[in-house]
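Undergrad: Before I ask anything, here is the structure I am working with.
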Amino acid sequence: MSKNPNPFLRGYWNLRILRTLSISYEDGSPHVWRPIHVSQQHLSDEELMSSPCIVTRDFAVVRNGTINHELMVECDAAEGVGGEGVIGAVVYAIHGDDLDDRPVHVGDTYSAEAAREVMQRLAFETGYYSRCWEISSAHIAEETWHYLASLADLATPEAFLFITFRVPYSPAIGIKLISTPWTDRNLEHAEGITAEQLRQEHRNKGIPDDLVNILELAGQADVRILIFDGDAPVLPGLPLVEP
193 MSKNPNPFLR GYWNLRILRT LSISYEDGSP HVWRPIHVSQ QHLSDEELMS SPCIVTRDFA
253 VVRNGTINHE LMVECDAAEG VGGEGVIGAV VYAIHGDDLD DRPVHVGDTY SAEAAREVMQ
313 RLAFETGYYS RCWEISSAHI AEETWHYLAS LADLATPEAF LFITFRVPYS PAIGIKLIST
373 PWTDRNLEHA EGITAEQLRQ EHRNKGIPDD LVNILELAGQ ADVRILIFDG DAPVLPGLPL
433 VEP
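Now the structure itself:
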């Protein structure tokens with residue numbers, strides 16, 4: 193279970209595909225999984241299937257015409273050499289990082305195309321999914337609500353990196369966040385500031401602390417539209433304001 197305190201975060205991060213080999217041994221030892229050595233990554237799945245290979249702790253090397261003396265020396269020097277096996281399957285494993293930045297094995301597919309399709313569905317790339325959240329106004333104080341209402345009726349300063357607006361025919365108030373995600377890497381590229389500098393700028397401008405905290409979490413999670421509504425559900429994990 194994730195221990196990350198940001199309730200806006202969802203899914204996996206840093207998704208990637210790794211082509212791995214399922215290797216069996218003649219003596220019946222359990223199958224092992226290894227990536228192909230970098231020098232043999234050009235080999236097709238068909239060329240790899242049923243091929244004998246050398247197994248080390250970190251990679252496998254297929255015994256074919258592409259193996260040379262230098263590669264054999266590397267195999268001999270590698271730690272955890274597990275003898276020789278036979279490749280039974282080529283699997284495209286999908287890996288990612290969870291909300292605590294820990295590596296996670298998400299799943300396996302049996303073709304590069306299938307792996308890319310699964311990764312696209314999991315990635316939530318900008319423009320392909322909704323980044324709009326509607327949460328209860330119970331997460332902000334009444335004074336903060338009035339502050340947002342006043343911003344919605346005026347021109348929000350550009351330095352805030354968000355725009356406040358009223359939702360027509362509704363008491364709800366919305367916020368559009370700009371230059372998300374609010375991470376050091378993205379903000380330094382887009383605005384020339386760090387996430388901490390943006391947070392301090394918000395505080396210097398007199399933005400209420402409860403709103404500063406919520407905007408920081410939403411910005412980190414790449415939320416683009418955040419709507420506060422008294423009739424919306426509370427967001428689990430996000431503090432409520434004491435009545």
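Per the numbering used here, residue 193 is the first one in the sequence shown, and the count goes up by one each step. For each residue, glycine too, the CB sits at the ideal point set by N, CA and C.
Excluding the five sequence neighbours on either side, which residues of its own chain have a C-beta within less than 8 Å of the C-beta of Thr-386, listed in chain order?
TA: Contacts found: Asp-376, Leu-379 and Glu-380.
Undergrad: Glu-326 lies in the beta strand (DSSP E); which residues open and close that run?
TA: From DSSP, the beta strand (DSSP E) with Glu-326 extends over 324–328.
Undergrad: Closest by CA to Ile-286, which one among Ile-209, Ser-236 and Ser-243?
TA: Nearest C-alpha to Ile-286: Ile-209.
Undergrad: Once you ignore the five residues that flank Leu-207 on each side, which residues in its own chain have a CB closer than 7 Å to its CB?
TA: Closer than 7 Å at Cβ, skipping near neighbours: Ile-286, Gly-288, Met-311, Leu-314 and Ala-315.
Undergrad: Are Leu-353 and Ser-371 close, meaning C-beta to C-beta below 9 Å?
TA: Result yes, Cβ atoms of Leu-353 and Ser-371 sit closer than 9 Å.
Undergrad: Look up Phe-200 in the DSSP assignment and say whether it is helix, strand or coil.
TA: Here Phe-200 sits in coil by DSSP.
Undergrad: In terms of alpha-carbon separation, which member of Leu-201, Asp-414, Ala-413 and Ser-221 lies closest to Glu-276?
TA: The candidate whose alpha carbon is nearest that of Glu-276 is Ser-221.
Undergrad: What did DSSP end up calling Ser-342 once you bin it into helix, strand or coil?
TA: Three-state result, Ser-342: helix.
Undergrad: Can you name, in chain order, every residue of its own chain whose Cβ lies under 7 Å from the Cβ of Ile-241, other than the five neighbours on each side?
TA: It is worth fixing the name first, because residue 241 is Met in this sequence and not Ile. So the qualifying residues of the chain are Ile-279 and Val-282.
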